[in-house]
Amino acid sequence: METSDSECFESADEEIYTEKENKKSKKVASSPPPKDDLSKEVEDITNLKITESNDEQPVDLNNEPHEPAKATKIKPSKIGVKTNKSDNRTNSHSTMIDNKHIDTINVTENLEDHKDTPNEEVNMWDEDEDWEPIETKPEPPPPVSTNKSWGWDLSAVINAATVGVTTVTSHVSQGLSTVLETGIGAPDPAELARQHTQETETHNADDDSTQSTTNLFGFGNLVSGVTQITKLVETTGNKVILGGLDTLESIGKKTMQVLQEGDPGFKKKRALLNIEGEKPVLSQILREAKEKAEFENRLLEEQHFARKANYESLFDDHQGLMHLEALEMLSRQCSIKLERLTESRFGSELVELQETMNQIVELCELIEDEDELEDTSEIKEKLDSAVSEMVINISYDKLLTTRKEAEHWLDNINLQICSELELHEQAIDTLAQLTALAVERYHKIGELLLIKEHRSTADEADSLVQLTMILITLTGNMATKFSNKLSEKLSSSAHKDHINTLITNVYFESANSSSYLKNAFQLLIPVLQVGAI
Amino acid sequence: MSYAYLFKYIIIGDTGVGKSCLLLQFTDKRFQPVHDLTIGVEFGARMITIDGKQIKLQIWDTAGQEAFRSITRSYYRGAAGALLVYDITRRETFNHLTTWLEDARQHSNSNMVIMLIGNKSDLESRREVKKEEGEAFAREHGLVFMETSAKTAANVEEAFINTAREIYEKIQEGVFDINNEANGIKIGPQHSPTNPSLPGTGGQGGSQGGGCC
């Protein structure tokens, strides 16, 4: 960017510029600019920000020794000043157009800086060649009131200025396009420049709309001067616009060229921007919509069955979660009690207390026991004997009934009619229900132990260990029975994989059941501990 | 069943005032004249609709016996609503209300909605506690009051649903922080849970078999 900036300034002069251009184009021809440069170039073009660069005076305009005839004798710096008379519109236009290049921006800014100070300009007009319009910080008095007797001079100046501005404009346009072309390697900027100049010169100021301010002038020549100023402003505006439009056009063309370089038809870039794939194909859309609908239907169906066979929700349905939650609360309450007790004890008392508590934890260790529990009466007997040690009024009748019902169901199903999904559903439901009932019993045991008058912690612990092992075996056996039934279906079914998945799931939930039971038992340990202290 | 909110209720009050019967009437719409003594806590659940939203009421029916007092206290925590029940035919159950109220206030969160219920309103001939007395007590302690009959089901629905409505309003007002489960409110599951360990059941043989029992 910076290099091209300086180039631009110099290139304002046609000759210097041509030199530069030659140099540049040679460079370009010998070694095509790397990709970075290209993109940078494009970026420059599209960059619409005006950088405030007041320091950079259009001093370079002074270096116009070989100015063609049309430039007359007015010094470029003065031209700069005169153009200051242009109104905001001109400025805004030129700004719009010239954003693309710092070179023109400088001119525009000069215009902006001095648009309100014709008085100073005029005064300095004859005196100072080195006058730099930008440096002056103008107070903004209306041009009319301060314009003394300089009217005649003004008009002359304006005439000259008109030509000057034209020149500047054309130069600017040239400079722009040239810089573009040189930067990108475009052909024949000189001719383009000439074209611009011709075009801009043929445009005369034909808009005679005068400003109301002219009425304030006492002197005719002053009036005509001001009118001319207005005209000048219009003309300059037109010229700037036209030149700018041409420039824009060439910028656009150039941009396309650069973009297409080594990428005919923008194939790569389109791919990069993902434009290619957006072309809608109706059949494809329809196919996708159909697939999506099918997928959603399948998902719904799966969810329906999944919910029916979801262990957690079934466990909740059988109030297992609520009892587990209540048991947790009970357990927490006991733990808080124990903590307070521990905090209040010191020394040997504390050690003793902790030993007791650890002993209870040891007593509650489960022994893995692979007992086969086949007969309902045998199970009942075992359960009753286990519970009896706790000396509380609790019965497992409901759980045993549920188990019996499930067995009955299994014995009477017709595998020809019962689908594997129904079988699986029943299996999960039975497991969830048995576990929920067992957890409920743990919860009740906890409550009953807490209100018991005389506690015998060792017996209670032993009882609970036995109980837990029976319950784990019981649910495990139930799972096995259901799995066996599912396996029977394997030989007759076409969906072997599916059935195997279901069998796996039954065993999975059986393991889930036993962990619920173990967890419930663990929650009772603080209840036992509280009883021992 | 999916729901927007789950409210935890507790039912408290002296033994024999009809707590379990109220619950049974509300959940099962039936009356059981002879009821086992409640051990610790029993549960009930029902779905209701408030403001077009499905709300699951999870009701903890506590034991009224003095022996369970210390246990039931540990269940107060995390309740959004409480039904404080007395028997209009037994004055002592009304006299104990203050103790129950203190217990409830002490062991639950301060925003808990408490509904005072004078039960057994069907036994008008045996009434010992006037309705005005109940109203006055409720007014004095900032409770909602209602006389119900678990036997005839009079006002039973209203008692549970009005409490829920009041909790719901508190949620709308932002009094309850629904994200804090200690307030006794849970936000329902967005969708029915799927079983991750049960893949690919769709499509095949899902609709065959018309029942196997």
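First to last, the sequence lines map onto chains G and E.
Take the first sequence: its position 289, counted from the start at 1, is 289 in the UniProt record's numbering, and no numbers get skipped.
Take the second sequence: its position 105, counted from the start at 1, is 105 in the UniProt record's numbering, and no numbers get skipped.
We put the CB at the ideal spot given by N, CA and C, even for glycine.
All values derive from a computational prediction rather than experimental measurement.
Check: Whole-angstrom C-beta distance between Y86/E and D36/E, which should lie under 8 Å; Outcome: D36/E to Y86/E, Cβ: 21 Å. No contact.
Check: Three-state secondary structure assigned by DSSP to Q319/G; Outcome: coil
Check: Inter-stretch contact (C-beta, 8 Å, three-pair minimum) for the stretch 42 to 59 of chain E and the stretch 157 to 167 of chain E; Outcome: yes
Check: Check whether Q333/G and F43/E have beta carbons under 7 Å apart; Outcome: no
Check: Limits of the alpha helix (DSSP H) - the one that G446/G falls within; Outcome: 420 to 451
Check: Nearest neighbour of K120/E, chosen from A138/E, L101/E, A153/E [CA to CA]; Outcome: A153/E
Check: Opening and closing residue of the beta strand (DSSP E) in which I12/E lies; Outcome: 5 to 13
Check: The stretch 104 to 115 of chain E touching the stretch 15 to 33 of chain E, judged by at least three CB pairs closer than 8 Å; Outcome: no
Check: Euclidean distance between Cα positions of Q260/G and K253/G; Outcome: 11 Å
Check: Own chain residues within Cβ distance below 7 Å of K337/G, not counting five before or after; Outcome: V530
Check: Any C-beta of chain E under 7 Å from that of A532/G; Outcome: no
Check: Contact under 7 Å by Cβ, T457/G with F521/G; Outcome: no
Check: Selected residue, minimal CA-CA separation from L421/G, among D384/G, E249/G, S483/G; Outcome: S483/G
Check: Cβ of A164/E within 7 Å of any chain G Cβ; Outcome: no
Check: Contacts of Q522/G in chain E (Cβ-Cβ under 8 Å); Outcome: Under the 8 Å cutoff, chain E gives no residues; its nearest Cβ is about 18 Å from Q522/G.
Check: Beta carbon proximity, F43/E to chain G, threshold 7 Å; Outcome: yes
Check: A309/G beta carbon less than 7 Å from that of H424/G; Outcome: yes
Check: Distance CB(S513/G)-CB(T435/G) smaller than 7 Å; Outcome: yes
Check: Against chain G: residues of the stretch 52 to 72 of chain E by CB proximity under 7 Å; Outcome: Q58, A67, F68, I71
Check: The stretch 475 to 492 of chain G touching the stretch 381 to 401 of chain G, judged by at least three CB pairs closer than 8 Å; Outcome: no
Check: Exposure of R441/G, with buried meaning 16 or more beta-carbon neighbours within 10 Å; Outcome: buried
Check: Candidates A427/G, T473/G, A432/G: closest to H408/G by CA position; Outcome: A427/G
Check: Contact under 7 Å by Cβ, W100/E with I11/E; Outcome: no
Check: Closer than 7 Å to chain G by CB, S121/E; Outcome: no
Check: Neighbour-count burial assignment, H454/G, 16 or more Cβ in a 10 Å radius; Outcome: exposed
Check: For T401/G and K380/G, the rounded distance between their alpha carbons; Outcome: 10 Å
Check: Beta carbon proximity, M469/G to chain E, threshold 7 Å; Outcome: no
Check: V144/E and M115/E closer than 7 Å at C-beta; Outcome: yes
Check: Residue-chain proximity (E447/G, chain E), Cβ-Cβ < 7 Å; Outcome: yes
Check: Three-state secondary structure (DSSP) of Y396/G; Outcome: coil
Check: Cβ neighbour criterion (16 or more within 10 Å) applied to K170/E; Outcome: buried
Check: Beta-carbon proximity list for Y507/G, same chain, < 7 Å, skipping 5 on both sides; Outcome: A479, S483
Check: Span separating the alpha-carbon of N519/G from that of K382/G; Outcome: 21 Å
Check: Closer than 7 Å to chain G by CB, S74/E; Outcome: yes
Check: Contacts around V17/E, its chain only, beta-carbon distance under 6 Å, and the 5 residues preceding and following it disregarded; Outcome: V85, Y86, D87, T93, N119
Check: Where the alpha helix (DSSP H) through R46/E begins and ends; Outcome: Careful: R46/E lies outside any alpha helix (DSSP H), inside the beta strand (DSSP E) at 41 to 50.
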